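In what follows, a single structure is set out as structure tokens and then discussed.
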Amino acid sequence: MAGWPQRKLRSITNLRGLAAEGVKRAFARFSVTITALFGLSLSASLAQADVLDENTFERFGAFFLVAALSSLVIRLASEAHSYRWIRLIEVVVAVVLGLIAAFQLDDDYALPSIVGALVLLVPAAASNAKRDDLPVVLGGLGFAAALGLLTLAIFAGGLSGTLASLRYLFGLPVPDRVFAQTWIWTGLFVAPLFALGRIPERGEINLGGRILLDRAALALFDFGAFPLLIIYTLVLHAYAAKIAISASLPRGQIGWMVLGYLLTLFGTLIITSGHERTGRPATSRFMMRYWPALIIVPVGLLFVSLYERVGIYGVTEERYLLGLGGLVVLVWAVMQVSKWLRNDYRLLLCLGGGALLLSCVGPWSARSISIESQLARFEREIADFRDGEAEAELQAMGALAYLNQAGVLDRTVDEPLKTVDDRNNLTAYARHFGLDPDRTPSNLSSGMHDLDRQVIDLTGYDVMIRNVFLSDQEQRSAFQVAVDDNAPAITARLQNNTIVMTVGAESATFDLQAETRSLAPGEPLPRSLELSSGARKVRFLVQRWVWPEPEADKDEQLGRLDGSLLFRRQDWIAFRR
């Protein structure tokens, strides 16, 4: 027993030495990154203390975040070879990309694109010359990230819990600001510092990378991910056959579905690429060998859908990025012809990261291309409107609304119009061109009926529930009917242009119809909907509805429906007991 305290002390000393070694190694390898992280933490701390205003903090935060990530990429890539001026190059790249991010904040897609590109480039930069090392590198980076999260939980969580206990038990005046500062400095500086210290160097075998894909984990991909990917591939091919037979165009959302499928496919291939194909299930070997041929039809769907949407509504940042993703995949698939480039997934990460970086600046950026496209669309539609085409007014207002959001309305006229404030810009420019400012896609995709002080016909129904809010995203309308003390729970939600209503253990689906016909996408809803499902009947008194905007590239399903719900107790067993 006498040796137990000594062994315990020795263990604590070893742990402290390991932590100190990791921090020391982090400072030696990533001094520029750590400096940028300190600047990010300081900016967030000053903003929380109300020293920096929100706009200033957003610019400082974007600068330091991008500077930290870019310096990390340069440092990891440079460790393969020794360069004389590498520190200077690292600082210059970090500052330049940081400034680009800081001054591109008005573009909603610039900062996420830059950050996403740098995140993709991190594992590619950390990889060795051998392409098979990428899964191990990902495992090592994942191990380092897990250590950072553990540090955050231990330090920030532990300290916050201690302070909260002191305030609760002893009444110590611990301000809420102290808790916020604790999480800021731990989450943005201390935790990343510990994570940086555990990033494996080139040639170093990191335990986290080796244990990430043991046989148990690999089985999840072989018997879970790959079979599901094959099924989804068949679904996409069947959909392509369907629209080819019916000579119709793919739905707007199919492009993002294809991109999600491709990202899942490549992520699975990258993670499992370090394992031999022999002994693997046939489904895994099939996907790993024939994926270039299997993605031809899905990528074709993506580009056909994109071509159709761009032809009608012009280019937007979302469509630009969608097309960019499809182009990267197409280039990557063509590269598989070369045996030297085949299955080198580092190139895919570099292609994706480089494409995202190029999409943020210059005349080829997502914002610049989108603005030029919408200007051309506006000029085309305003000419058609003056020629008497009724639908052209809505299209012109859609383009004008985008240009207003981008802050370039003045490019539609020779001299900028004088307006009272920015909120009146769209109205002023619309009237200047003879357009109705109320005919915007967002205004026409939703509507309201005033049910206040209205006589409500209750004939045939004995239960009425007011203030029902239905959404296609979540089951928002859970309520208890106050008919009696034993009233069953009733829930309802929107799903594919139907109302799914559940009373107790029973459920029924009511198709949304107006005068015995299905509702057309974007159609204004009447005040009252008479719906039926078998022998069951309900009446929905419409107060508000929201369709997706025509230009939003979403499925044409009703997104929200508010109002009052009437039904009969005799239709539900739970009310007849």
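Per my numbering: the sequence shown = residues 456 to 1032. No residue lacks a Cβ here, since even glycine has one placed at the ideal position from N, Cα and C. All of these numbers come straight from a predicted model, not from anything done at the bench.
Just the C-alpha distance for residue i and residue j, rounded to the nearest angstrom, thanks.
i	j	result
Leu996	Leu1020	6 angstroms
Phe934	Gly915	Annotation note: pLDDT 48 at Phe934 (below 50); position unreliable, no value reported.
Leu749	Thr688	7 angstroms
Thr691	Arg1024	Residue identity differs from the one stated: residue 691 is Leu in this sequence, not Thr. C-alpha separation (whole angstroms): 43 angstroms.
Leu967	Val993	11 angstroms
Thr606	Ile700	57 angstroms
Arg950	Thr617	According to the sequence provided, residue 950 is Gln. The question's Arg does not apply to it. Roughly 46 angstroms between the two C-alpha positions.
Ala674	Ala693	28 angstroms
Val759	Gly766	10 angstroms
Arg832	Val713	27 angstroms
Leu1016	Phe512	39 angstroms
Leu1013	Thr953	9 angstroms
Pro747	Leu785	9 angstroms
Ala1029	Ser988	17 angstroms
Leu717	Asn879	43 angstroms
Arg774	Val591	34 angstroms
Gly594	Met743	20 angstroms
Phe519	Trp795	38 angstroms
Asp912	Arg991	18 angstroms
Phe840	Ile826	21 angstroms
Gln636	Ile489	18 angstroms
Leu667	Val574	Its pLDDT being 45, under 50, Leu667 is placed unreliably in this model, and the value from its coordinates should be taken loosely. Their Cα atoms are separated by approximately 20 angstroms.
Gln930	Ser983	Residue placement at Gln930 is flagged as unreliable, the pLDDT there being 47, under the threshold of 50; the coordinate-derived value follows with that caveat. Answer to the nearest angstrom: the Cα atoms are 22 angstroms apart.
Arg870	Ala838	One detail in the question is off: residue 870 reads as Glu in this sequence, not Arg. Rounded to the nearest angstrom, the two C-alpha atoms are 19 angstroms apart.
Pro630	Ala619	10 angstroms
Ala680	Tyr768	36 angstroms
Gln791	Leu531	26 angstroms
Phe515	Leu497	10 angstroms
Leu864	Trp711	29 angstroms
Is residue j closer than 8 angstroms to residue i when the C-beta atoms are compared?
i	j	result
Leu777	Leu803	no
Ala481	Leu651	yes
Ala851	Leu881	no
Arg570	Val645	First, the residue type needs correcting, since residue 570 is Val and not Arg in the sequence shown. It is not a contact, given that the beta carbons lie outside the stated cut-off.
Arg653	Phe598	yes
Leu648	Ala499	no
Ala947	Val955	yes
Asp799	Pro736	no
Ile555	Cys815	yes
Leu501	Leu507	yes
Ala557	Ser525	no
Leu589	Arg801	yes
Leu855	Ala885	yes
Leu830	Arg866	yes
Ala572	Leu811	yes
Leu980	Gly853	no
Ile529	Glu509	no
His904	Gln998	yes
Thr656	Glu534	Residue identity differs from the one stated: residue 656 is Glu in this sequence, not Thr. Yes, the Cβ-Cβ distance between Glu656 and Glu534 is below 8 angstroms.
Leu756	Ala696	no
Phe1022	Val910	no
Thr727	Pro682	no
Ile824	Val770	yes
Leu872	Ala883	yes
Ala483	Ala523	no
What is the C-beta distance between residue i and residue j, in whole angstroms, given that I count them as a contact (C-beta under 8 angstroms)?
i	j	result
Leu527	Phe485	6 angstroms
Val923	Gly1018	6 angstroms
Asp836	Tyr564	According to the sequence shown, residue 836 is Glu rather than Asp. Glu836 to Tyr564, Cβ: 24 angstroms. No contact.
Leu560	Leu552	No, Leu560 and Leu552 are not in contact; Cβ-Cβ is about 14 angstroms, not under 8 angstroms.
Asp562	Arg822	5 angstroms
Gln503	Ile685	Going by Cβ atoms, the distance from Gln503 to Ile685 rounds to 49 angstroms, so no, they are not a contact pair.
Trp454	Glu961	Nothing can be reported for residue 454: it is not among the residues displayed for the chain, which extend from 456 to 1032.
Less than 7 angstroms separating the Cβ of residue i from some heavy atom of the ligand SAM?
i	result
Gly603	Among the components of this structure there are no ligands whatsoever, and the ligand SAM is therefore not found.
Give a yes or no on whether 8 angstroms exceeds the smallest Cβ distance from residue i to chain D.
i	result
Ser701	The structure shown contains no chain D; it is built from a single protein chain.
Unbroken alpha helix (DSSP H) runs of length 4 or more, entirely within the segment 666 to 721: which are they?
670 to 675, 681 to 701
Taking one C-beta from the segment 697 to 706 and one from the segment 718 to 727 each time, how about it: are there three or more such pairs within less than 8 angstroms?
no
Assess, as a yes-or-no matter, whether the segment 801 to 816 is touched by the segment 737 to 755 under the definition of 3 or more beta carbon pairs within less than 8 angstroms.
no
Segments of 4+ residues assigned as alpha helix (DSSP H) that fall wholly inside the segment 567 to 607
589 to 606
State whether the segment 605 to 614 contacts the segment 571 to 580, with contact taken as three or more CB pairs (one from each stretch) at a distance under 8 angstroms.
no
Kindly provide the ranges of any alpha helix (DSSP H) runs that are 4 or more residues long and lie completely inside the segment 519 to 569, ordered along the chain.
541 to 557
Counting only runs that start and end within the segment 629 to 661, where is the alpha helix (DSSP H) found for 4 or more residues in a row?
631 to 640, 646 to 652
Which whole runs of the alpha helix (DSSP H) in the segment 765 to 841 are 4 residues long or more, in chain order?
772 to 790, 800 to 813, 821 to 841
To test your reading of the DSSP string, which unbroken alpha helix (DSSP H) runs of 4 or more residues are found completely within the segment 844 to 882?
846 to 861
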